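**Q**
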Amino acid sequence: MPRDIPVGNGSLLVNFDHRYLLRDLYWPQVGQENHTEGHPSRFGVWVDGQFSWVSDDGWERQLDYVGDTLVTHVELHHPHLALRLVCQDAVDFHEDLYLRRIEVHNEADREREVRLFFAQDFHIGGQEVGDSVYYEPERRAVFHYKGQRWFMINVKREGSPEGVDQWAVGVKEAQGKEGTWRDAEDGDLSGSAVAQGSVDSAVALHLTVPAGGETTGWYWIAVGDCFQEVTRINRAVRQKGPGTFLKRTRDYWSLWIRKEKRQLADLPDDVCHLYKRSLMVLRTQIDNDGAVIAANDFDIAHYGRDTYAYMWPRDGALVSAALIDAGYAEVTRRFFDFCHRVITEEGYLLHKYNPDGSLGSSWHAWIQDGEKRLPVQEDETALVLWALWRHFERFRDIELVKLHYRGLIIRAANWLCRYRYDESGLPLPSWDLWEERLGVHAWTAGATWGGLQAAAKFAESFGETGRGAKYRSVADEIKAGVREHLMSSDLGCFARMITRKEDGTWEHDKTIDASLIGLWYFGMFAPDDPEIVATMETVRDRLWVKTDVGGLARYEDDYYHQVSQDLDKVPGNPWFICTLWLAQWYIARAQTLADLKPALDIFDWVADRDLRSGVMAEQVHPYTNEPLSVSPLTWSHATLVAAVQDYLERRGRLNRCPECGHSMP
-11 MPRDIPVGNG SLLVNFDHRY LLRDLYWPQV GQENHTEGHP SRFGVWVDGQ FSWVSDDGWE
49 RQLDYVGDTL VTHVELHHPH LALRLVCQDA VDFHEDLYLR RIEVHNEADR EREVRLFFAQ
109 DFHIGGQEVG DSVYYEPERR AVFHYKGQRW FMINVKREGS PEGVDQWAVG VKEAQGKEGT
169 WRDAEDGDLS GSAVAQGSVD SAVALHLTVP AGGETTGWYW IAVGDCFQEV TRINRAVRQK
229 GPGTFLKRTR DYWSLWIRKE KRQLADLPDD VCHLYKRSLM VLRTQIDNDG AVIAANDFDI
289 AHYGRDTYAY MWPRDGALVS AALIDAGYAE VTRRFFDFCH RVITEEGYLL HKYNPDGSLG
349 SSWHAWIQDG EKRLPVQEDE TALVLWALWR HFERFRDIEL VKLHYRGLII RAANWLCRYR
409 YDESGLPLPS WDLWEERLGV HAWTAGATWG GLQAAAKFAE SFGETGRGAK YRSVADEIKA
469 GVREHLMSSD LGCFARMITR KEDGTWEHDK TIDASLIGLW YFGMFAPDDP EIVATMETVR
529 DRLWVKTDVG GLARYEDDYY HQVSQDLDKV PGNPWFICTL WLAQWYIARA QTLADLKPAL
589 DIFDWVADRD LRSGVMAEQV HPYTNEPLSV SPLTWSHATL VAAVQDYLER RGRLNRCPEC
649 GHSMP
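With the working numbering, the residue at position 249 of the sequence shown is 237, and numbering never jumps.
(1) Return the first residue and the last residue of the alpha helix (DSSP H) that S624 is part of.
(2) Leaving out five residues on either side along the sequence, give the residues of the same chain with a beta carbon under 6 angstroms from the beta carbon of S477.
(3) Quick check on H379: does DSSP put it in helix, strand or coil?
(4) In chain order, which continuous runs of the beta strand (DSSP E) of length 3 or greater are located wholly inside the stretch 462 to 533?
(5) Once the 5 residues before and after A576 are set aside, which same chain residues still bring their CB inside 6 angstroms of it?
(6) Which residues mark the beginning and the end of the alpha helix (DSSP H) in which C566 is found?
(7) Which runs of the alpha helix (DSSP H) fall wholly inside the stretch 216 to 245 and span at least 4 residues, in chain order?
(8) For G427, write down the residues that DSSP places opposite it in a beta bridge.
(9) In whole angstroms, give me the CA-to-CA distance for Y207 and D77.
(10) For I355, which residues does DSSP report across the bridge?
(11) What does a CB cutoff of less than 7 angstroms around G469 pick up in its chain, not counting 5 residues either side in sequence?
(12) In whole angstroms, what is the alpha-carbon distance linking S120 and G158?
(13) How many angstroms separate the CA atom of F4 from the CA atom of V182?
(14) Roughly how many angstroms lie between the CA atoms of L404 and G348, to the nearest whole one?
(15) For M512 versus G560, is the C-beta distance shorter than 9 angstroms?
(16) Measuring CA to CA, which of E448, F450, R471, Q441 is closest to S461?
(17) W300 to W354, Cα distance in whole Å?
(18) Taking 8 angstroms as the threshold, find out whether the stretch 260 to 275 comes into contact with the stretch 55 to 62 through three or more Cβ pairs.
(19) Restricting to runs no shorter than 4 residues, where is the alpha helix (DSSP H) found entirely within the stretch 22 to 58?
(20) Taking the alpha-carbon positions, what's the W47 to H290 distance?
(21) For W15, which residues of its own chain have a beta-carbon under 7 angstroms away from its beta-carbon, when the five flanking residues on both sides are left out?
(22) How big is the Cα-Cα spacing for D556 and V521?
(23) Is it the case that the Cβ atoms of W431 and L416 are separated by a distance below 9 angstroms?
(24) My output table needs one value for T535: the three-state DSSP class, helix, strand or coil.
(25) With respect to the beta strand (DSSP E) encompassing P16, which residues constitute its N-terminal and C-terminal limits?
(26) Within 8 angstroms, do at least three Cβ pairs link the stretch 443 to 454 to the stretch 490 to 509?
(27) Which two residues bound the contiguous beta strand (DSSP E) that contains D188?
(28) What first and last residue would you give for the beta strand (DSSP E) that runs through E387?
(29) Buried or exposed: which applies to D80, given that a residue is buried once 16 or more other Cβ atoms fall within 10 Å of its Cβ?
(30) By Cβ distance, which residues of its chain are closer than 6 angstroms to D167, with the 5 residues on each side in sequence left out?
(31) Smallest Cα separation from D12: which of W351, R321, T295?
(32) Given a threshold of 16 other Cβ atoms within 10 Å of its Cβ, counted over all protein chains shown, does T369 qualify as buried or as exposed?
(33) Judging by CA-CA distance, which residue of A444, K467, E465, I466 is the nearest neighbour of A457?
(34) Taking only three categories from DSSP, how would you classify K134?
(35) Got a sec, what are the start and stop residues for the beta strand (DSSP E) E318 sits in?
(36) By Cβ distance, which residues of its chain are closer than 7 angstroms to C327, with the 5 residues on each side in sequence left out?
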């Protein structure tokens, strides 16, 4: 189920689904320790003797954000109850504090009491065993804790001291009990004081709302590693008022998105909005210690009992490249620091990592056909070098490069040089970017070429011209090997992968794959090279989804979340990433402003298929446009940012005044 509106600050991340259920709460690192494990924390209303959770049928919901900020704007309307709620959610930009403002509009012609109920379903540390919860009368608040993980829940009405009007704590998911949230459905809570084991809680805020008028209430969760820390945050909310934290967070993100003064040229308003929204969504998915998390939608765990909440170096490098182009150096520096901390002594990066730098789960084996095989995706190492050069080229960040020159750049580049076939010059087999097959891949060869070219530029910049010449020579050998061995006469274009047979010859994988863009995307070939043009036209023609939905699939007969076997029409589900890659190819080849039109059409396609909030999934359903797999996918948003930056740069080049050479409005 998609996560429609994430809010976070780089250490605390809170996700909501399309029914406005709080589904994920990560802390103290984005992507690590989901303290709900995807279980819903509910929000309900009692009025005139009737109760309804806002996730129930009967509510009309609109989930969005306030302008260009990471403060939500959620409208909830229930005609039968004659109530309209306007909610704003935020995670404070500095404190680990989640808060919600609830404006209750009474559509009846009489004054009414409206009781708001908030049910918390924590699985602290990712599992419910050994949790504790209690009501504390001095602060009139509820505390959940286990070890060094504390959560303090409190509420207040406008103009009154904070403190819950009702509370209940109890056992859930054990002894046949659903949870304390059921206690709310009669409009009253039991007032039970303490529970341990598998537990949950509910609190209530009672509001008196005038006829045809509105009243405002507040709800918040302070998060910390001890009782003293969460009560310190709660005390700050009491002293300054919750509105102060909401306003300062709104102002912070408004300033953050305006940091780089950029002109978005002739892009449609919805594309401009999606570009800015994508930048902010990217920031919610990046941990303050540098890990760029692929996705934090826990529901994918039901597919294979694992999640996307890891740092893949490839995803991190491509996301960082997009943020570099957009001007956010302070975010990308920490990513390169992270990579330096985790790279092996031999010079390669492994499959994926937890946000704290420990090795993530993997399905890549250390043995193949009875022989040791490195369980790597070589492009993950190469693309870190490629992205780091982009960072240096954009920001001239000499101090950062000095820190990483020997331990990251040279170490990784030397490994890339060694990890090759002697006779062909091609990289040795590794796993492809989709992590499904072992071989010599077009994408990986292109990425390795780009990484070695970046390393050569760094070496030459540091005066090591001999080292730079070596890296360039190896890159040339890889390029020659690609031309000789990956070009397929049967396909009339490059093959996505080759494997070496026992007799030493190469076998082509004839499946058309969008990842073939790697041959030009990292600079190995020009985008208008005739063989690249033939390859990209084949990609477009064979992978475009021929339904009313459209979009580009990953590869032919893509099994992942597959919904159709009509492969002539639907070679696979359309991916935002792959569709935007096609736009980037159109942009790279454009010679006139008119040549940019196909890319603009793809931008419109993307903007028509994101969620109302601007959140983008990994895939969309080829017949219904519904989001599939995880949402938001960090890589989807990064590719949109990268494509828009490519468009603006290319348009600027093509729209220069013939007399002065400057870009024209």
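Cβ atoms here follow ideal geometry from the backbone N, Cα and C, with glycine treated the same way. Bear in mind that the values here come from a model prediction, so they are computed numbers and not experimental data.
**A** Short version:
(1) Within the sequence shown, the letter at position 636 stands for residue 624. Per DSSP, the unbroken alpha helix (DSSP H) holding S624 starts and ends at 622 to 642.
(2) The sequence position of residue 477 within the sequence shown is 489, counting from 1. Excluding positions up to five away in sequence, the list is empty.
(3) Counting from one through the sequence shown, the residue named residue 379 turns up at place 391. Judged by DSSP in its simplified three-state form, H379 adopts helix.
(4) Here the runs fully enclosed are 485 to 488, 494 to 497.
(5) Here residue 576 refers to the residue found at position 588 when the sequence shown is read from its first residue. P515.
(6) As a first step, residue 566 is located in the sequence shown; it is residue number 578 there, counting from the start. For C566, the enclosing alpha helix (DSSP H) covers residues 564 to 577.
(7) Within the stretch 216 to 245, the complete alpha helix (DSSP H) segments of 4 residues or longer fall at 230 to 245, listed in chain order.
(8) The sequence position of residue 427 within the sequence shown is 439, counting from 1. Answer is S418.
(9) What you label residue 207 is simply residue 219 of the sequence shown in a count that begins at 1. What you label residue 77 is simply residue 89 of the sequence shown in a count that begins at 1. Answer to the nearest angstrom: the Cα atoms are 9 angstroms apart.
(10) Here residue 355 refers to the residue found at position 367 when the sequence shown is read from its first residue. Bridge partners of I355: K360.
(11) Here residue 469 refers to the residue found at position 481 of the sequence shown. Around G469: S412, G413, L414.
(12) Walking along the sequence shown from the start, residue 120 turns up at place 132. Walking along the sequence shown from the start, residue 158 turns up at place 170. Cα to Cα, S120 sits roughly 10 angstroms from G158.
(13) In the sequence shown, counting from the first residue as 1, residue 4 sits at position 16. In the sequence shown, counting from the first residue as 1, residue 182 sits at position 194. If you take the alpha carbons of F4 and V182, they lie about 28 angstroms apart.
(14) Residue numbering aside, residue 404 sits at position 416 when the sequence shown is read from its first letter. Residue numbering aside, residue 348 sits at position 360 when the sequence shown is read from its first letter. When rounded, the distance between both Cα atoms is 22 angstroms.
(15) Your numbering for residue 512 matches position 524 in the sequence shown. Your numbering for residue 560 matches position 572 in the sequence shown. Not closer than 9 angstroms, so no.
(16) Counting from 1 along the sequence shown, the entry for residue 461 is found at position 473. When each option's Cα is compared against that of S461, the closest is Q441.
(17) Locating residue 300 in the sequence shown gives position 312, where the first residue counts as 1. Locating residue 354 in the sequence shown gives position 366, where the first residue counts as 1. The alpha-carbon atoms of W300 and W354 are separated by roughly 18 angstroms.
(18) With the rule of 3 Cβ pairs closer than 8 angstroms, the stretch 260 to 275 counts as touching the stretch 55 to 62.
(19) With a minimum length of 4 residues, no continuous alpha helix (DSSP H) run stays inside the stretch 22 to 58.
(20) Counting from 1 along the sequence shown, the entry for residue 47 is found at position 59. Counting from 1 along the sequence shown, the entry for residue 290 is found at position 302. Cα to Cα, the separation comes out at about 27 angstroms.
(21) Against the sequence shown, residue 15 aligns to sequence position 27. Correct list, in chain order: S(-1), L0, E21, H23, D84, V211.
(22) Mapped onto the sequence shown, residue 556 falls at position 568. Mapped onto the sequence shown, residue 521 falls at position 533. Their Cα atoms are separated by approximately 22 angstroms.
(23) Translated into positions along the sequence shown, residue 431 becomes position 443. Translated into positions along the sequence shown, residue 416 becomes position 428. Cβ distance not < 9 angstroms, so W431 and L416 don't count as in contact.
(24) Stepping through the sequence shown from its first residue, residue 535 is reached at position 547. Annotated three-state conformation of T535 is coil, per DSSP.
(25) The count along the sequence shown starts at 1 and reaches residue 16 at position 28. Bounds of the beta strand (DSSP E) holding P16 are 10 to 17.
(26) By the Cβ criterion, the stretch 490 to 509 is not in contact with the stretch 443 to 454, since fewer than three pairs of Cβ atoms, one from each stretch, lie closer than 8 angstroms.
(27) Reading the sequence shown from its first residue, position 200 is the one you call residue 188. Annotation: the continuous beta strand (DSSP E) that includes D188 extends over 187 to 197.
(28) Position 399 of the sequence shown, counted from the start, is the residue given in the question as residue 387. First-last for E387: 386 to 392, but that is the alpha helix (DSSP H), not the beta strand (DSSP E).
(29) On the sequence shown, residue 80 is found 92 positions in, with the first residue counted as 1. Buried: at least 16 other Cβ atoms inside 10 Å.
(30) Counted from its first residue, the sequence shown places residue 167 at position 179. Asp is not the amino acid found at residue 167; the sequence shown has Gly there. Excluding sequence neighbours, G167 sits near K160, D188.
(31) Start at 1 with the first residue of the sequence shown, and residue 12 comes out as number 24. Closest option to D12, Cα to Cα, is T295.
(32) Along the sequence shown, read from residue 1 onward, the residue named residue 369 stands at position 381. Flag for T369 reads buried.
(33) On the sequence shown, position 469 is the one that residue 457 refers to. Sorting A444, K467, E465, I466 by C-alpha distance to the C-alpha of A457 places A444 at the top.
(34) For the purposes of this step, residue 134 is taken as residue 146 along the sequence shown, with counting starting at 1. Correct three-state label for K134: strand.
(35) For the purposes of this step, residue 318 is identified with residue 330 of the sequence shown, where counting begins at 1. That residue, E318, is in no beta strand (DSSP E); its alpha helix (DSSP H) goes 317 to 330.
(36) Taking the sequence shown and counting its residues from 1, one reaches residue 327 at position 339. Cβ within range, chain order: P301, L337, V372, L396.
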